[in-house]
Amino acid sequence: MAVTHSSEEPFQLDEAALAKHGLSPAEWQRFRALEQRQREFHAWLGSHKKLAPQELGIMTLRNGSNVEEWASVAQEIQKTFAARQSRGPRRWMKKYQDFSSGVVAFIDQISPLLEVVKGLGDPSTALAIGTICGVFVLASRKNEVEEQALAIIDGIKERLPGYKMYQEIYNEDTELQRDLRKRTVLAYMGFVELCMEISRYCLQTSLHRLGKSIFVSTKLGDLNDDVNEQMAAIRSRCEELQALRIAELKQSNEELLRKIKGLEQERASSQLIKLQQGLQLADWTPQTHRANIEHYIDHLNYERGTETIYEQMHAGSIERYRRGPDFVAWEQPGQSALHLVVAYNHDAIGYGKQHCWLSPLALDVDSRLHQSGLVPHATFVFPPPRRNTTIFEAMPVVLVQLLRTRKSKLLGETERYELLLAAIQAYMKRPTPAGHADGEDDVGQAWHDKVDALGAIATRVLQLFGSTETVYVILDRIDQCCARDHYGLVSVLGAMFQEASCVVKVLMVADGAGWDIRERELRFPRTVSLCKTMQQGCLY
375 MAVTHSSEEP FQLDEAALAK HGLSPAEWQR FRALEQRQRE FHAWLGSHKK
425 LAPQELGIMT LRNGSNVEEW ASVAQEIQKT FAARQSRGPR RWMKKYQDFS
475 SGVVAFIDQI SPLLEVVKGL GDPSTALAIG TICGVFVLAS RKNEVEEQAL
525 AIIDGIKERL PGYKMYQEIY NEDTELQRDL RKRTVLAYMG FVELCMEISR
575 YCLQTSLHRL GKSIFVSTKL GDLNDDVNEQ MAAIRSRCEE LQALRIAELK
625 QSNEELLRKI KGLEQERASS QLIKLQQGLQ LADWTPQTHR ANIEHYIDHL
675 NYERGTETIY EQMHAGSIER YRRGPDFVAW EQPGQSALHL VVAYNHDAIG
725 YGKQHCWLSP LALDVDSRLH QSGLVPHATF VFPPPRRNTT IFEAMPVVLV
775 QLLRTRKSKL LGETERYELL LAAIQAYMKR PTPAGHADGE DDVGQAWHDK
825 VDALGAIATR VLQLFGSTET VYVILDRIDQ CCARDHYGLV SVLGAMFQEA
875 SCVVKVLMVA DGAGWDIRER ELRFPRTVSL CKTMQQGCLY
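For the sequence shown, the tail end lands on 914 under my numbering, and the numbers increase by one without skipping.
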């Protein structure tokens, strides 16, 4: 559809564009009429005797690029004639320099509004560039501009900053954005009308202006109020849409962060699985491990229930032990410590008894740590009555539990991850000593090499923890570890927490009937406490 105005270039009206701007037929007719009045206004300017050729040239600018080119030329000429204040073109170029930067900034600030109007089809807004520049030309002639007109021009300039940042909001196609585009077109119409009225008023003779001053003052005030209202409505709608956009971006960012976190967790899980596979624990899961511990506790409770006349570790007795000097020393903050408790079942039931009466102490510590969920810890129960669980079976499970508490940290510690993986691979290359050797002296160089490699892994794992962190290791029934590995296990644990930068607390419970401990062979460091006096008593 084309709408032609006399001999001028026709408006190409796109029905879809009209709907996009939310304009009614009456509002479209107003827009067409305004563009026609602008043509008539510029024809009037072209014949006006009060305008110099340079001023008319500025008013014929039709786009922002022309304005910038003109401003650049004006600035270059001004540099040449800066020291001269003669009449004629040189004086005009100085005036142009004074406000050229202002009109460029003004056109830049109002460009989002003009871009919206351009969506109605060519040649919308082309004449408006010249109309706006004309106001700036007249503003430079302050001696001929009435106080109210000058205040209106300054007010318009003050209201425009900030609109450019809303530009992206205009491009959406929702009901709110359509309403915003409509308000923008209406503001454009009021603004152009105001600019033309100011120019007409300023270009009239002084006597003519004096005779119409009251009427024109009221008209300019009304036009200015209308523009102010439309500008305020645009800003209000923009701020509303901006708030919605921020909320959408925030939600989008949160979704993106969730996706990133999910990908990171997948990568961390993949790394952990690779480490578990290296330790031959590909099928190990914390859920199964916890279920096994709970099953073990059920067996303990059942056995305790059948031994009612003998001393048992219930809540009260556990609490009393925790308040004792040995346990208090072990719990001392900031200091690594190993606490080995050797208990003896009552002689009357010791033979053939499967469980150790002091095991509930270790499991109580484990339960408290597990329920808190805040403290890194690892628990391993040497399952009776096997008596052949090796250090090479137990310690990897302990280390995997600790690794799981640092799964996410491995993502940011690529070098440490690679070193840990290399340590695991070196450990797995070491041959595992054949058999489970019931004899304590049945060890060779292969066993020592394997234990050393396992200790190297433990050191790498503990390097993932900070110096202010405390790591707990709880081992129950270490007497059920194969005889060959008893002292090797204690040695690895002792060396592990001495080399760690973090605080390491190791609690071990053993049945004295299953392991005849020779204290001199333990080679305990000073921070290790040993209690061998926990004999189960009879209540009657």
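The beta-carbon is built from N, C-alpha and C at its ideal position, and this holds for glycine as well.
Give the range of the alpha helix (DSSP H) segment to which L826 is assigned. Taking the sequence shown and counting its residues from 1, one reaches residue 826 at position 452. Residue identity differs from the one stated: residue 826 is Asp in this sequence, not Leu. Run containing D826: Q819 to L836, per the alpha helix (DSSP H) assignment.
Using only the alpha-carbon positions, how far apart do P699 and A656 sit? Counting from one through the sequence shown, the residue named residue 699 turns up at place 325. Counting from one through the sequence shown, the residue named residue 656 turns up at place 282. Roughly 41 angstroms between the two C-alpha positions.
Shortest alpha-carbon distance to I667 belongs to which of I848, Y861 and G679? On the sequence shown, residue 667 is found 293 positions in, with the first residue counted as 1. Minimum Cα-Cα distance from I667 among the listed residues I848, Y861 and G679 corresponds to I848.
With 16 as the cutoff for other CB atoms within 10 Å, does S644 come out buried or exposed? Taking the first residue of the sequence shown as 1, we reach residue 644 at position 270. That one is exposed.
Identity of the residue in I891, W889, D890 and D885 nearest Q909 by Cα: On the sequence shown, position 535 is the one that residue 909 refers to. Considering only alpha carbons, the answer is D885.
Return yes when the Cβ of L784 is within less than 8 angstroms of the Cβ of A973, no when it is not. Residue 973 falls outside the range modelled here, since the chain spans only 375 to 914, and no answer is possible.
So, with DSSP's three-state summary, where would you put M687? Reading the sequence shown from its first residue, position 313 is the one you call residue 687. M687: coil per DSSP, three-state reduction.
So, do the region 791-806 and the region 750-761 have three or more beta carbon pairs nearer to each other than 8 angstroms? These segments do not touch.
By the 10 Å Cβ neighbour count, where 16 or more other Cβ atoms means buried, how is A525 classified, buried or exposed? The residue labelled residue 525 in the question sits at position 151 within the sequence shown. Looking at its Cβ environment, which holds fewer than 16 other Cβ atoms inside 10 Å, A525 is exposed.
Within the chosen definition, does the region 830-842 reach the region 861-878 through at least 3 CB pairs nearer than 8 angstroms? Output reads yes: the region 861-878 touches the region 830-842.
For A874, three-class secondary structure by DSSP: One-based indexing of the sequence shown puts residue 874 at position 500. Judged by DSSP in its simplified three-state form, A874 adopts coil rather than helix or strand.
For T680, name the three-state secondary structure that DSSP assigns. Indexing the sequence shown from 1 puts residue 680 at position 306. Note: T680 maps to coil in three-state DSSP.
Using a Cβ-Cβ cut-off of 6 angstroms (strictly less than) and excluding sequence neighbours within five positions of D850, which residues of its own chain qualify? On the sequence shown, position 476 is the one that residue 850 refers to. Result list for D850: S733, A736, V755 and V883, in chain order.
Can you tell me whether G862 is buried or exposed, with buried defined as 16 or more other CB within 10 angstroms of its CB? Translated into the one-based positions of the sequence shown, residue 862 becomes position 488. Using a 10 angstroms sphere on the CB of G862, the tally of other CB atoms reaches 16 or more, which defines it as buried.
Which term fits A768, buried or exposed, when burial requires 16 or more other beta carbons within 10 angstroms of its beta carbon? Position 394 of the sequence shown, counted from the start, is the residue given in the question as residue 768. So A768 counts as buried.
Best match in T662, A502 and V478 for proximity to F405 [C-alpha to C-alpha]: Mapped onto the sequence shown, residue 405 falls at position 31. Closest in C-alpha terms to F405, from the list T662, A502 and V478, comes A502.
How far does the beta strand (DSSP E) with S703 in it reach, from first residue to last? As a first step, residue 703 is located in the sequence shown; it is residue number 329 there, counting from the start. The sequence shown places Ala at residue 703, not Ser. A703 -> not in any beta strand (DSSP E); alpha helix (DSSP H) instead, spanning P699 to W704.
Using beta carbons (cut-off 8 angstroms, strictly below), is G564 in contact with chain D? Among the protein chains of the structure shown there is no chain D, as only one such chain exists.
In this structure, how does DSSP classify L714 when only helix, strand and coil are distinguished? Stepping through the sequence shown from its first residue, residue 714 is reached at position 340. Strand, per DSSP.
Would V509 and C569 be called neighbours here (beta carbons separated by less than 8 angstroms)? In the sequence shown, the residue the question calls residue 509 occupies position 135. In the sequence shown, the residue the question calls residue 569 occupies position 195. Yes, these two residues count as a Cβ contact at 8 angstroms.
Taking the straight line between their C-alpha atoms, what separation do you get for G690 and D721? Here residue 690 refers to the residue found at position 316 of the sequence shown. Here residue 721 refers to the residue found at position 347 of the sequence shown. Each residue's CA atom was taken as its position, placing G690 and D721 some 23 angstroms apart.
Give me the Cα-Cα distance between D740 and L714, rounded to the nearest whole angstrom. By 1-based counting over the sequence shown, the position of residue 740 is 366. By 1-based counting over the sequence shown, the position of residue 714 is 340. Straight-line Cα distance between these residues: approximately 15 angstroms.
Which residue wins for smallest C-alpha separation from E389, given the options E705, W418, F480 and G493? For the purposes of this step, residue 389 is identified with residue 15 of the sequence shown, where counting begins at 1. Closest option to E389, Cα to Cα, is G493.
What first and last residue would you give for the alpha helix (DSSP H) that runs through A927? The requested residue 927 does not occur in the structure, where the chain is confined to residues 375 to 914.
Is V845 helix, strand or coil when you go by DSSP? Position 471 of the sequence shown, counting from 1, holds the residue named residue 845. Three-state DSSP puts V845 in a strand.
Could you check if S460 is buried or exposed, using at least 16 other CB atoms within 10 Å of its CB as the buried criterion? Taking the sequence shown and counting its residues from 1, the one referred to as residue 460 is at position 86. Confidence at S460 is low in this model, with a pLDDT of 43, below 50, so the placement of that residue is unreliable and no value is reported for it.
Identify which residue in A393, R778, S421 and R436 has its Cα closest to the Cα of P660. As a working note, residue 660 is residue 286 in the sequence shown. Selected option, being the one with the closest Cα: R778.
Quick check on DSSP: helix, strand or coil for H416? For the purposes of this step, residue 416 is identified with residue 42 of the sequence shown, where counting begins at 1. In the displayed model, H416 falls within a helix according to three-state DSSP.
Starting from H751 and walking both ways along the alpha helix (DSSP H), at which residues does that stretch end? Working through the sequence shown from its first residue, we reach residue 751 at position 377. It is not in any alpha helix (DSSP H) - H751 instead sits in the beta strand (DSSP E) that spans H751 to V755.
Which stretch, first to last residue, makes up the alpha helix (DSSP H) that contains F565? In the sequence shown, counting from the first residue as 1, residue 565 sits at position 191. Per DSSP, F565 belongs to the alpha helix (DSSP H) from E549 to L577.
Rank I608, Q728 and Q650 by C-alpha distance to the C-alpha of V774 and give the top, closest one. Taking the sequence shown and counting its residues from 1, the one referred to as residue 774 is at position 400. Nearest of I608, Q728 and Q650 to V774, Cα basis: Q650.
Touch test, the region 400-415 against the region 546-565, Cβ-Cβ under 8 angstroms, three pairs minimum: Touching, per the Cβ criterion.
Would you kindly report the start and end of the unbroken alpha helix (DSSP H) that includes T788? As a first step, residue 788 must be located in the sequence shown, where it is residue number 414. Unbroken alpha helix (DSSP H) run through T788: T788 to K803.
Compare the C-alpha of L392 against each of K556, T680 and D600 and name the closest. Locating residue 392 in the sequence shown gives position 18, counting from the first residue. Answer by Cα proximity: K556.
Helix, strand or coil for D890, going by three-state DSSP, please let me know. Here residue 890 is taken as the residue at index 516 of the sequence shown, counted from 1. Of the three classes helix, strand and coil, the one that applies to D890 here is coil, per DSSP.
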